[in-house]
Each structure stands twice: as structure tokens, then as C-alpha cells.
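The structure appears below as C-alpha cells.
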Amino acid sequence: MIPPPTERLVFRDWNAADLAAFQAICSDPVVMEFVGTGEPWSLIQTEQFITRAHEMSESLGYCQWPLTHKADSVVIGFCGFIPATNGAEIGWRLARAYWGQGLATEAARAVLKHGFETLAFQHITATVQSSNRASIRIMEKLNMNAESSFRRNGRDVLQFSIHNPQTPLGRNSK
Ligand SMILES: CC(C)(COP(=O)(O)OP(=O)(O)OC[C@H]1O[C@@H](n2cnc3c(N)ncnc32)[C@H](O)[C@@H]1OP(=O)(O)O)[C@@H](O)C(=O)NCCC(=O)NCCS
Numbered sequence: 000m001i002p003p004p005t006e007r008l009v010f011r012d013w014n015a016a017d018l019a020a021f022q023a024i025c026s027d028p029v030v031m032e033f034v035g036t037g038e039p040w041s042l043i044q045t046e047q048f049i050t051r052a053h054e055m056s057e058s059l060g061y062c063q064w065p066l067t068h069k070a071d072s073v074v075i076g077f078c079g080f081i082p083a084t085n086g087a088e089i090g091w092r093l094a095r096a097y098w099g100q101g102l103a104t105e106a107a108r109a110v111l112k113h114g115f116e117t118l119a120f121q122h123i124t125a126t127v128q129s130s131n132r133a134s135i136r137i138m139e140k141l142n143m144n145a146e147s148s149f150r151r152n153g154r155d156v157l158q159f160s161i162h163n164p165q166t167p168l169g170r171n172s173k
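Just so we're aligned, residue 0 is where the sequence shown starts under numbering that gives the first Met the number 0, counting upward by one.
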């Protein structure tokens, strides 16, 4: 099940033709600064991501869905889920040309709603490198709470989470 479109964005499934547009995003060192080790991805890494996401969509019914802008049909990034304990982890990435317009927040709100209302996740987490102020701001705007910190790839990482407001645990949690 794919999240419904938002005011400006459309979610869909991945296909092989997305490779060039998505590689242009993942090979941009500025986009990748706070992803993993901060290294831009090779074409093979980008292809493996698309293959895994496509397989996840087939087997689990969700993935980190590609995003297109309603104004055209080119992939401008992704927003979606990977599996996590008691639910799923939400994540996002956008081409630099589309930053600063509220698009990631718009996508993330729609995906979070879909995760709780349609996919019925009990708990949604997000991890972010502690220097990634834009992503932390999005997590705050989603009403996610910072719950722990740890080191990964030699970097400080924060974990945020939110419970499904439709479940008893969600209703009782802050
Ligand atoms: C993170 C990312 C998706 C944000 O995309 P975006 O569409 O520009 O984000 P939005 O416009 O929806 O808003 C982000 C919020 O962060 C704020 N913000 C943006 N850059 C910021 C910065 N450097 N420092 C502090 N706040 C910042 C914005 O002002 C906005 O908050 P506001 O609505 O209160 O003003 C984009 O920068 C990106 O793709 N980064 C690279 C990949 C990445 O880091 N992914 C996340 C890994 S956890």
C-alpha cells in the first residue's frame, strides 16, 4: 500500500528507470553528508538500495517510497519505512534543488499518518546524526521524542520515536 499523494508530492513504487535520477541524488556529497559514513554512493550502492526497497515493498507492503513532484515525474528523493522493533523506522532524502520548501516535512507527515492509520505500526522510530539539524527539526515537527543516543560509523546518532496515537500506549504517552 502506497501513501496517498500530498498537496505537492506523489508516492509510488520503484522501477529500474529511476536509477539515473536517484543516483544523481545519492552521488551528491552535500546530500550524503549525514548519511552513513558521509560518503556519496556508487551506482552499485544506489542500484542495491532500489532493489532492496522494491523487494521490501513486495514482501512487506511498505518501503522507502520514491517521491515525485506533481509538477513533473522525475524522482526527487524518497520517504518511507524500513522494519524496526515493534514497528518501523521512518527516513527521508531529497535532491538538493528541492530543499527549503517544506517538502520533506510534507512527505514525512503523510508517511507517518499512513504508518499509523493504514499500516497500523505501534511504534515509529527515526535515527539521525546529531549534526543534521534539518532532519532533527523535521522529527520535532512530527512530535517525535528524542529517546536515546549512541555512536554509529564513528558519529553521534540520536534516536527519536513516537507511539501510534490510536493505541492505548500512544494515548498515554507524551
Ligand atoms: C533533511 C532533508 C530531507 C530536509 O529537506 P527539506 O525539504 O529542506 O526540509 P523542510 O523544508 O521540510 O524543513 C526542514 C526544517 O528544518 C529546518 N532547517 C533546514 N535546514 C536547517 C539547518 N541547517 N539548521 C537548522 N534547521 C534547518 C527548516 O527551517 C525547517 O524547519 P521550519 O519549518 O521550522 O522552518 C534534506 O535536507 C535532505 O535530503 N538532506 C540529506 C539527506 C538526509 O540527511 N536525510 C536524513 C537522514 S536522517
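Even for Gly, the Cβ is constructed at its ideal location relative to N, Cα and C.
Under a Cβ-count criterion, where at least 16 other Cβ atoms within 10 Å of its own Cβ denotes burial, should residue i be classed as buried or exposed?
i, result
"Val127", "buried"
"Val29", "exposed"
"Gln47", "exposed"
"Ile43", "exposed"
"Ala109", "buried"
"Ala125", "buried"
"Asp155", "exposed"
"Asp17", "buried"
"Pro164", "exposed"
Measure how close the beta-carbons of residue i and residue j come, nearest whole angstrom, since I'm counting them as under 8 Å.
i, j, result
"Ile89", "Phe77", "With a Cβ gap of about 11 Å, Ile89 and Phe77 do not count as contacting."
"Ser147", "Phe33", "Between Phe33 and Ser147 the Cβ distance is about 18 Å, and since that is not below 8 Å, they are no contact."
"His122", "Gly86", "4 Å"
"Thr50", "Cys25", "At roughly 14 Å, the Cβ-Cβ gap does not stay under 8 Å, so Thr50 and Cys25 are not in contact."
"Lys69", "Leu118", "The Cβ separation is near 24 Å, so there is no contact."
Compare the Cα-Cα distances from residue i to each of the options and report the closest residue.
i, options, result
"Ile1", "Gly153, His113, Phe21, Ala119", "His113"
"Thr166", "Asp17, Ala70, Phe115", "Phe115"
"Glu6", "Ala106, Val156, Thr45", "Ala106"
"Leu66", "Arg51, Met55, Leu93, Asn163", "Leu93"
"Ala15", "Pro3, Met31, Val73", "Val73"
"Met143", "His162, Ser56, Gly153, Phe10", "His162"
"Arg136", "Phe120, Leu118, Thr104, Pro164", "Thr104"
Check whether the stretch 51-69 and the stretch 27-41 are in contact - that is, three or more C-beta pairs closer than 8 Å. Because the criterion of three Cβ pairs below 8 Å is not met, the stretch 51-69 and the stretch 27-41 do not touch.
Using 8 Å as the cut-off, can you tell me whether the stretch 144-160 makes contact with the stretch 98-115, which would need three or more C-beta pairs spanning the two stretches below that distance? no
Whole beta strand (DSSP E) runs in the stretch 80-165 with 3 or more residues, listed along the chain? Qualifying beta strand (DSSP E) stretches, in chain order: 86-93, 122-128, 144-151, 154-162.
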